[in-house]
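Just below is one structure, and these are the notes that go with it.
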Amino acid sequence: MELDPACYTVAWIAPLEIEARAALYMLDHKHEGRFSLSRGDDYVYQAGDINGHNVIIATLPAGQEYGTGSAGALAAQIKKFFPNLWFGLLVGVAAGLPNLSINPPNDIRLGDVLVGIPDGNNAGLKAYDLGKQTSNNDDLELLRGGYILATTEPVVRSAIGSIKLQAPYDAEVIRPFYRVIQNLPHAGGTFIDPGQEMDILYDYDESGSITQVYRERREDSQRTRVWYGTIGSGEKLLKNRHRRNELRDTYDLIGLEMEAAGMMNRIPVGVIRGVCDYGDENKNKQWQPYAAAMAAAYAKAVLYEIQPKIPGSQGPMSVSRQTRGMWTVPFHRNPHFVGRQEELSQIQKNMSSDDRPKRMAITGLGGIGKTQMVIELAYQTRERDPECSVFWIPCMGLEDIEGGYLDTLEKLNLKVLPSEDPKQRVKTHLSQESAGRWLLILDNADDTHLWTKNETNLYPLKDYLPQSPQGFVVVTTRNRKIAVRWAASEVISIPQMDLNTATHMLGHSLIQAEPAEDHGTSVIAKLLQELEFLPLAISQAAAYINENGLGVADYLSLLEEQEEDVLELLSEDFEDQWRYSAIKNPVLITWLISFNQVRQLNTLAANYLSFMACIHPKKIPFSLLPSASSRKARTDALGLLHAYSFVEYQNGSQMVSLHRLVHLATRNWLRSEGSLNHYILEASSRVNEVLPDSDPQNRMLWRELLPHSQVILNQNECHLNHEEREELLEKVGLCLQSDGRDRDAEPLLLELIAKKKKKPGTENGELLSCSASLAATYRNRGKWKDAEKLGTHVMEESMKVFGVEHPRTAATMANLSSTYSKLGRWKEAKELDLKILHIREKVLRSDHPDTVTTLADLASSYWYEGQREKAERLEIQVLETRKRILSPDHPDTLDAMARYASTLSSRGQYNEAEDLLIHIAEVQKGSMGLEHPDTISTLAELGSTYKNHERWEEAESLGSQVLELRREFLGPEHPDTLTAMSNLAGVYWSQNNWAGAEELEQLVLEANKRVVGIDHPLTVGVMLNLAATYSSQGRLVEAEALEDQVLGTRMKTHGPQHPDTLTAMANLALTYWRQNRWDKAEELETKVLETRRNILGSEHPHTLILMSNLIGTFVSQKKWEEAQNLATQLLEFQKRSLGEDHPNTLSTVSELLFIQTSAAMEES
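Converting from the sequence shown to this note's numbering requires adding 655 to each position, the first position being numbered 1.
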């Protein structure tokens, strides 16, 4: 058939064969027939239509050299041959010109799309005429100054501008068009992406050598970018990296191509190019198919932005078309649709397979995007196979189904007898081969009664579904049981969106894109997490943000209000043209029908859903649920909730989790029916019934139940009876305390004590027990003065109530002793520990766990007093006893191991200490969890051991981890958090990172002054560390002032022989030495050395360090005899303790030789 040139308004110019092949695949329909040619017509054109535009595709003849000249000749004949040409598109491949040196960088990559954007008199093109570039050719001259006079047609520029408005998500507009052709064939393969690992950019380094440029891999969802700017156009191929960069930098080009300059003044084309190389010596054709396909996809998107223009003077178009399938889809295509490509590909694969059943069910939570996915499926099917009919049946109720079948009948132009069922007529017709290829979509088929035969429905829906080798039926339903019963294994469950896809969806839906520099991705991510990545909730949020001119952070803050306000926000209706007009859109309303369906189908399932709405929505143990008549009854009930996607099973464990928004919606449903209070009381009773006491042996059980117990206690909907609330407060408070979560335990214990004080008849012992727990919580939280005050009161009252030697009184004494230790009052702690030991050995027995704990506390007191040998003997005794009477992995045994490991480390036995601490940490992680204070303390001790062992990298890594854990679980100003910060500063200091160390130490010092006071050991320790940092930077006056203050405080609080006092004295001596004040340094160092020899022994590492320091001081004063005697002693000790080849020993050998030589020279 002859085609009429006058009917074609758009020229798609694709000079290369691969570019033309991609263009042909982009046609909605290829027009049958040929254009009549005459003498002088040198080109054959392909024809078709896209979005109603009649398009001709023009390409250069095989073998013709391409460039601006050839392109100009082609353009001239196109313009002559097609009299009603409206505009043209030049679509193909080009060289991209990345520029990573500017800010922000032009990180152009292979497969990206370049679009020429006009600027003033510049058509978005610069003409260059370089000839064949080589490394030796230094000429660089732009043809005609590079100016192109003609500009792209305004309608094309407007369409490009419309797509550009969607940046940085503009590539999402073209990706669906690309996906249609990505696996289609061309002469050398397909148009599939070669992969980012094959995209290699080379450039010159500072020495002029060629080197590969490192670029971070893009996320798959952001694989392609579109770049807008000026494109260079020249006659010959550019394959020179130096010339490429010169052109780029001089004329601000984003790419180089070879046809537009010759074409522009004949046909004002829009220039669209896919990047296939970088215009350098590494050019090859591997990327041309993918680049051509991406450019073609963008060109198709441009045509979809422009309404067709049909020439009015030409009459009817003599264009032959293929038969087009019928269409009853009630929705336009959703341009904001993102993701779900894996699921869509699976459906399309099944549709085209002869070996798979011709049916598939799509199931998922209401609002997850099932309807949106099948809308996209319908449009992709029409693009891929225009002859395939697509029929749509809404299935919200019988009326909707009848209407959908009648619409299908009308579209099929079928007649129905009065006695004939329209549904049966449609089924019969589509089951025949003459019906051709078809896709039937049944959307929202959620009602079980519509699928089963019953009194009200004698003919279930499944009986009216056609079957044909040429057809395919897709059903969407919230009810997984419906899906499985109808489609067996051919079921796709729609998963929760991932963060990237949800971010893209939100970005597409907002009028004003959220600037990353203002809020960052963290705010967007947090909002999406709050919305559980649910597409319906995201659409609702975007609508509210758009209508009210809010930012993402504003909407997020509304979601963080009280539950009543959040419910009101999520009940706000909004317009959505891709949802049924009869269905309300708010996310909290969308599940009401499903709730009622669950209630009708299974009473126990409805009760479970109501019960779960009153506890924490995540990780709900089966054991917490109300009792069922049988295990099968429970399984059926949970199975129904799972079928509606309300709950998810937790990795095969005996737990389920409820969707957060379903949790809110269910509470709203129960509140509207007046039954929320009833279920809260039921949940409270059940939690109290199953929650065990705080014994560590029950840790795994009460850890599962604590989140649910805390939700019950925080309910504002109703008031539990006093006894039940008191019981729950005590259980939860003590479990939290046992779990190291004292910050959460404190308010519960305070409320408990207040209630007991008001309650008539409360026993003193009961109240004292709660008060003792609160005192321990204060101590653990670093509120040591509060702990001392309350602990003293509890001890005195216990003595009155129970007597001095009662075990409960001894326990209160032990609590107070621990508080004294935290306050650095070790003498008082030791005296109290000795009293406790006497009581417990008398009343209990020597190997009773409480007695052994007292021995451990006493060992700590000895240690801090500097009586290290006594302390170590007790530590070994405690460890062996606990292994015997408890178990090797019991928390108390692990605590004893950790204390002993600390002792080993202090003695320089680092390897043994590290091995022991690693073992303890692994056991604690398994039994208590990483976040437990005991586990964190073990990691902190291991980090300190690494530091002492000079394993800096491990020490810094572990120190940072400990700091973050303590900040999160204890708070930023908890003493243990500040200690972790100080320890990390010490690691920085050891690596000569003085600035990092000083910054942390200043922060810790100010916080310690506020939290524990200026004379507290923790504060004094930080002052000493900061002084060392000053000294290392040569700021000796500042260091001396701090060290002098520290020494005075420690002499007063610790005494002259305490190890910490000696450390302060040694540090001050070193500062004197650095100021050449040798006599004062010698005086202090001599005192420290004598004391450390007496306490630690002559061969302790700390003693050896002091000897080395004092030798240095003698040498500085030229006291050769004293220096030689001390160096000789040091060498003997080092040989025995370190070995003759140890670096420190060899250093002392050299030092001794220097001393002897210097002394001899001075004598002579």
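All C-beta atoms, glycine included, are put in the ideal place defined by N, C-alpha and C.
Computed from a predicted structure; not experimentally measured.
Asp1670 versus Met1678: straight-line alpha-carbon distance, rounded:
Here residue 1670 is taken as the residue at index 1015 of the sequence shown, counted from 1. Here residue 1678 is taken as the residue at index 1023 of the sequence shown, counted from 1. Their backbone Cα atoms lie some 10 Å apart in a straight line.
Our contact map puts Ala1551 next to Val1578 with C-beta atoms below 8 Å; I'd like the distance itself, whole angstroms only.
Here residue 1551 is taken as the residue at index 896 of the sequence shown, counted from 1. Here residue 1578 is taken as the residue at index 923 of the sequence shown, counted from 1. Rounded, the Cβ-Cβ distance is 13 Å, inconsistent with contact.
Could you pull out every residue in the same chain whose Cβ sits closer than 7 Å to the Cβ of Glu1080, ignoring the five residues on either side in sequence?
Indexing the sequence shown from 1 puts residue 1080 at position 425. In the sequence as presented, Glu is not what sits at residue 1080; that position holds Arg. Hits under 7 Å: Leu1064, Leu1069 and Val1071.
Under the DSSP definition of a beta bridge, which residues are partnered with Glu657?
Counting from one through the sequence shown, the residue named residue 657 turns up at place 2. DSSP, once it has assigned bridges, lists Arg689 as partnering Glu657.
I need the DSSP call for His1461, collapsed to helix, strand or coil.
The residue you call residue 1461 lines up with position 806 of the sequence shown. DSSP places His1461 in coil when its eight states are reduced to three.
Of the listed residues Ala1683, Leu1478, Glu1421 and Met853, nearest to Arg1434 (C-alpha basis):
Numbered from 1 along the sequence shown, position 779 holds the residue referred to as residue 1434. Among Ala1683, Leu1478, Glu1421 and Met853, the Cα nearest to that of Arg1434 is on Leu1478.
Can you tell me whether Leu1384 is buried or exposed, with buried defined as 16 or more other CB within 10 angstroms of its CB?
By 1-based counting over the sequence shown, the position of residue 1384 is 729. So Leu1384 ends up on the buried side.
Paired residues, beta bridge with Lys781 - DSSP
Counting from 1 along the sequence shown, the entry for residue 781 is found at position 126. Paired residues: Gly887.
Ends of the alpha helix (DSSP H) at Gly1598?
Taking the first residue of the sequence shown as position 1, residue 1598 is located at position 943. Pro1588 to Asn1603 is the span of the alpha helix (DSSP H), which, as asked, contains Gly1598.
The stretch 1344 to 1351 touching the stretch 1262 to 1274, judged by at least three CB pairs closer than 8 Å:
no
Would you be able to state if there are at least three C-beta pairs under 8 Å between the stretch 1755 to 1768 and the stretch 1720 to 1737?
yes
What would DSSP say about Ser1044, mapped onto helix, strand or coil?
In the sequence shown, counting from the first residue as 1, residue 1044 sits at position 389. Three-state DSSP puts Ser1044 in a strand.
DSSP three-state label for His841, please.
In the sequence shown, the residue the question calls residue 841 occupies position 186. Strand at His841.
Which same chain residues end up closer than 8 Å to Thr1674 when comparing Cβ atoms and leaving out the 5 residues on each side of it in sequence?
Within the sequence shown, residue 1674 is the residue found at index 1019, counting from 1. Cβ neighbours of Thr1674 beyond the five flanking positions: Leu1660, Asn1663, Lys1664, Val1667 and Gly1668.
Between the CA atoms of Ser1144 and Ile1275 - distance to the nearest angstrom:
The residue you call residue 1275 lines up with position 620 of the sequence shown. The residue you call residue 1144 lines up with position 489 of the sequence shown. Going by the C-alpha atoms only, they are around 28 Å apart.
With a CB to CB cut of under 6 Å and the five nearest residues on each side skipped, what residues in its chain are close to Met1028?
Translated into the one-based positions of the sequence shown, residue 1028 becomes position 373. Around Met1028: Arg995.
On a CA-only basis, which of Gly695, Gly703 and Glu674 is nearest His684? Give me that one, please.
Counting from 1 along the sequence shown, the entry for residue 684 is found at position 29. His684 has its Cα closest to that of Gly703, out of Gly695, Gly703 and Glu674.
Assign Val1302 to one of three DSSP states: helix, strand, or coil.
If you number the sequence shown from 1, residue 1302 lands on position 647. Residue state, collapsed to three classes: strand.
Continuous beta strand (DSSP E) stretch holding Arg607: start and end:
Outside the shown range of the chain (656 to 1819) lies residue 607, about which nothing can therefore be said.
Can you tell me where the beta strand (DSSP E) with Val924 in it begins and where it stops?
Counting from 1 along the sequence shown, the entry for residue 924 is found at position 269. Unbroken beta strand (DSSP E) run through Val924: Val924 to Asp932.
How close, in whole Å, do the beta carbons of Thr1803 and Leu1785 come, if the pair is a contact with beta carbons under 8 Å?
Counting from one through the sequence shown, the residue named residue 1803 turns up at place 1148. Counting from one through the sequence shown, the residue named residue 1785 turns up at place 1130. About 5 Å; that satisfies the 8 Å criterion.
Could you have a look at Asn709 and say whether DSSP puts it in helix, strand or coil?
The sequence position of residue 709 within the sequence shown is 54, counting from 1. Asn709: strand per DSSP, three-state reduction.
Tell me whether Thr1132 is buried or exposed, calling it buried when 16 or more other Cβ atoms sit within 10 Å of its Cβ.
As a working note, residue 1132 is residue 477 in the sequence shown. Counting Cβ neighbours within 10 Å, Thr1132 comes out buried, since at least 16 surround it.
Within 10 Å of its beta-carbon, does Leu1331 have 16 or more other beta-carbons around it, so buried, or fewer, so exposed?
The residue labelled residue 1331 in the question sits at position 676 within the sequence shown. With 16 or more Cβ atoms within 10 Å of its Cβ, Leu1331 is classed as buried.
Could you tell me the distance, in whole angstroms, from the CA atom of Met1816 to the CA atom of Leu1807?
One-based indexing of the sequence shown puts residue 1816 at position 1161. One-based indexing of the sequence shown puts residue 1807 at position 1152. Their Cα atoms are separated by approximately 14 Å.
Quick one: what does DSSP say Thr866 is sitting in, helix, strand or coil?
What you label residue 866 is simply residue 211 of the sequence shown in a count that begins at 1. Three-state DSSP puts Thr866 in a strand.
How is the beta strand (DSSP E) around Val746 delimited, first residue to last?
In the sequence shown, residue 746 corresponds to position 91, counting from 1. Per DSSP, Val746 belongs to the beta strand (DSSP E) from Phe742 to Gly751.
Is it buried or exposed, Pro1543, if we count other Cβ atoms within 10 angstroms and call 16 or more buried?
If you number the sequence shown from 1, residue 1543 lands on position 888. The residue in question, Pro1543, is exposed, as its Cβ has fewer than 16 Cβ neighbours within 10 Å.
Which of the three DSSP states is assigned to Asn900 in this structure?
Within the sequence shown, the letter at position 245 stands for residue 900. Asn900: helix per DSSP, three-state reduction.
Quick one: is Asn1251 buried, meaning 16 or more other Cβ sit within 10 Å of its Cβ, or exposed?
Reading the sequence shown from its first residue, position 596 is the one you call residue 1251. Classification of Asn1251: exposed, given that the 10 Å Cβ count is below 16.
With 16 as the cutoff for other CB atoms within 10 Å, does Leu692 come out buried or exposed?
For the purposes of this step, residue 692 is identified with residue 37 of the sequence shown, where counting begins at 1. Leu692 comes out exposed.
Among Arg880, Ser1000, Gly1395 and Lys1013, which one has its Cα closest to the Cα of Lys819?
Here residue 819 corresponds to residue number 164 of the sequence shown, with the count starting at 1. Ranking the options by Cα distance to Lys819, first place goes to Arg880.
With a threshold of 8 Å on Cβ separation, who are the neighbours of Trp667 within its own chain once the five nearest residues in sequence on each side are excluded?
Residue numbering aside, residue 667 sits at position 12 when the sequence shown is read from its first letter. Closer than 8 Å at the Cβ level, and outside the excluded window around Trp667, lie Ala678, Val710, Ile711, Ile712, Ala713, Gly743, Leu744, Val746 and Ala954.
Using a Cβ-Cβ cutoff of less than 6 Å, which residues in the same chain neighbour Glu672 once the five nearest sequence positions on both sides are dropped?
Translated into positions along the sequence shown, residue 672 becomes position 17. Cβ neighbours of Glu672 beyond the five flanking positions: none.
DSSP state of Ala666 mapped onto helix, strand, coil
Within the sequence shown, the letter at position 11 stands for residue 666. Strand, per DSSP.
Which stretch, first to last residue, makes up the alpha helix (DSSP H) that contains Phe832?
Along the sequence shown, one-based indexing puts residue 832 at 177. Element bounds for Phe832: Asp825 to Ile836.
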